[in-house]
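In this note's numbering, the protein residues as written are 1386 to 1585.
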């Protein structure tokens, strides 16, 4: 993936505003995550995304698999094969992330710290990410959404994840991971976040 592309959630209601803001920040494009709940709903949202695509910004479609069952990953990968640019997995436990890092067709993992600020990836998972070229994405909005003391604990786990990823030389990404136009961040802020995590 290109460094001048951001990674965001697809939000039909604010997609146009997000595209305009991304362009104002100087991005050449963005990868938009469309959550997979079931095949029919996913295809509807994918069609909405394609119909709202901006001609002067490189908009790429991604499926977001969010699950607590490792077996769901391969099943969904087969259902969306050839329909999206990237398969992204947000696991709800360690086993899902381990499976995602091993599964052919998965291109990225993200959101690997749970609501209790427990880190859900380890050295073995990061090794598989390196071997299978699965990008490890750190989302700035995830830090913004934590409050008070919880934010400090979350940041600590995020630093730990970055440390493990660096040691295992897994492919690394930093993005806004925005759900709306207000969560988007400019290139300089994302670059500063990357530096804070020690990724450059």
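A virtual CB, placed ideally from N, CA and C, is assigned to each residue, including glycine. Note that the structure is a prediction, hence the values are computed from the model and not measured.
Which of the three DSSP states is assigned to residue 1517 in this structure? Along the chain shown, one-based indexing puts residue 1517 at 132. DSSP, reduced to helix, strand and coil, places residue 1517 within a helical segment of the structure shown.
Burial state of residue 1496 (16 or more Cβ within 10 Å): The residue given as residue 1496 occupies position 111 in the chain shown. By the 10 Å Cβ count, residue 1496 comes out buried.
If the criterion is Cβ atoms closer than 8 Å, does the pair residue 1450 and residue 1416 meet it? Start at 1 with the first residue of the chain shown, and residue 1450 comes out as number 65. Start at 1 with the first residue of the chain shown, and residue 1416 comes out as number 31. Contact flag unset, no.
Go through its chain and collect everything with a Cβ distance to residue 1578's Cβ below 7 Å, but skip five positions before and after it. Counted from its first residue, the chain shown places residue 1578 at position 193. For residue 1578, where only same-chain residues beyond five positions count, the Cβ hits under 7 Å are 1525 and 1559.
The ligand PLP and residue 1403: does any heavy atom of the ligand fall closer than 7 Å to the residue's C-beta? Looking for the ligand PLP in the displayed structure turns up nothing, as the structure carries no ligands at all.
Give the C-beta separation of residue 1485 and residue 1523 to the nearest angstrom, bearing in mind that I take them to be a contact with Cβ-Cβ under 8 Å. The residue given as residue 1485 occupies position 100 in the chain shown. The residue given as residue 1523 occupies position 138 in the chain shown. Contact between residue 1485 and residue 1523 is ruled out by a C-beta separation of about 16 Å, above the 8 Å threshold.
Of the listed residues 1512, 1545 and 1519, nearest to residue 1491 (C-alpha basis): The count along the chain shown starts at 1 and reaches residue 1491 at position 106. That would be 1519, whose Cα lies nearest to the Cα of residue 1491.
Can you give me the C-alpha to C-alpha distance between residue 1479 and residue 1423, rounded to a whole angstrom? The residue labelled residue 1479 in the question sits at position 94 within the chain shown. The residue labelled residue 1423 in the question sits at position 38 within the chain shown. Their Cα atoms are separated by approximately 23 Å.
Run the CB neighbour count on residue 1482, radius 10 Å, all protein chains shown included, and call it buried at 16 or more, exposed below. As a position in the chain shown, residue 1482 is number 97, starting the count at 1. Classification of residue 1482: buried, given that the 10 Å Cβ count is 16 or more.
Just verifying my parser: in three-state terms, what is the DSSP assignment at residue 1432? On the chain shown, residue 1432 is found 47 positions in, with the first residue counted as 1. Helix, per DSSP.
Tell me where the beta strand (DSSP E) around residue 1483 begins and ends. Against the chain shown, residue 1483 aligns to sequence position 98. No beta strand (DSSP E) contains residue 1483, which is instead part of the alpha helix (DSSP H) from 1479 to 1487.
For residue 1512 and residue 1533, what's the separation of their Cα atoms in angstroms? The count along the chain shown starts at 1 and reaches residue 1512 at position 127. The count along the chain shown starts at 1 and reaches residue 1533 at position 148. Rounded to the nearest angstrom, the two C-alpha atoms are 33 Å apart.
Residues near residue 1550 by beta carbon distance below 6 Å, same chain, minus five either side: On the chain shown, residue 1550 is found 165 positions in, with the first residue counted as 1. Taken in chain order, the residues that qualify are 1511, 1521 and 1557.
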